[in-house]
Amino acid sequence: EIDIFLLLSGMEGLGQAIIEALLMKKPIIATNVGGIPELIRNNESGLLVKNGDDKKITENITKLLNEPIFAKEIAETGFNIIKQIIIIVVIIFYWAKFFIWIKIIYLFFVFFIICFVRHCNSKHSIFIIIIVCSQFDII
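Right under this line is the structure:
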């Protein structure tokens, strides 16, 4: 088990390890690079330091060890932030799946219209097919 999570990289995209540390409710000290500041709000959900600032890193480690209530507060805040992000992602994912099903239903509807129009032998059937298909990004 860890007491403090450190991610002190010079370049970082988002930092999956930070997400895992947030989910484990660990206080975090990380460098202020890449996508890290998107997840870590300094003094709220973790502590951010400039890359290579060894003095500030040491001060922050000491602060978290000497102030366990503060360490617990920022860990809890970080957990709540990542929990909200995950909930939003899950909602978006399920809405996207819902709209995919709606599009599938519309595709069946379009197929039915195409078959109906062709069956009627209308001279405008090709134009109706093109208009309907373009509305649903089929062509």
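As numbered in our numbering, residues 10 to 148 make up the sequence shown, in order. A virtual CB, placed ideally from N, CA and C, is assigned to each residue, including glycine.
The shortest CA-to-CA distance from Ile-28 to any of Ile-49, Ala-105, Asn-69, Tyr-115 is the one to Ile-49. By the Cβ-count criterion, Ile-37 is buried, with 16 or more other Cβ atoms from all chains shown falling within 10 Å of its own Cβ. With distances taken between CA atoms, Leu-17 lies nearest to Ile-70 out of Asn-52, Ile-70, Met-33. Excluding sequence positions up to five before and after Asn-41, its CB lies within less than 7 Å of the CB of Leu-57, Val-58, Lys-59, all in the same chain and listed in chain order.
A Cβ-Cβ separation of about 4 Å places Gly-44 in contact with Leu-23 under the 8 Å criterion. Secondary structure at Ile-97: helix, using DSSP grouped into helix, strand and coil.
Taken through DSSP and simplified to helix, strand or coil, Ile-70 comes out as helix. In the three-state reduction of the DSSP assignment, Ile-114 falls in the helix class. Inside the region 25 to 61, DSSP marks whole alpha helix (DSSP H) runs of 4 or more residues at positions 25 to 32, 45 to 48, from first to last along the chain. By the criterion of a C-beta distance shorter than 7 Å, Phe-88 is surrounded in its chain by Leu-31, Leu-32, Lys-34, once the five residues flanking it on both sides are discounted.
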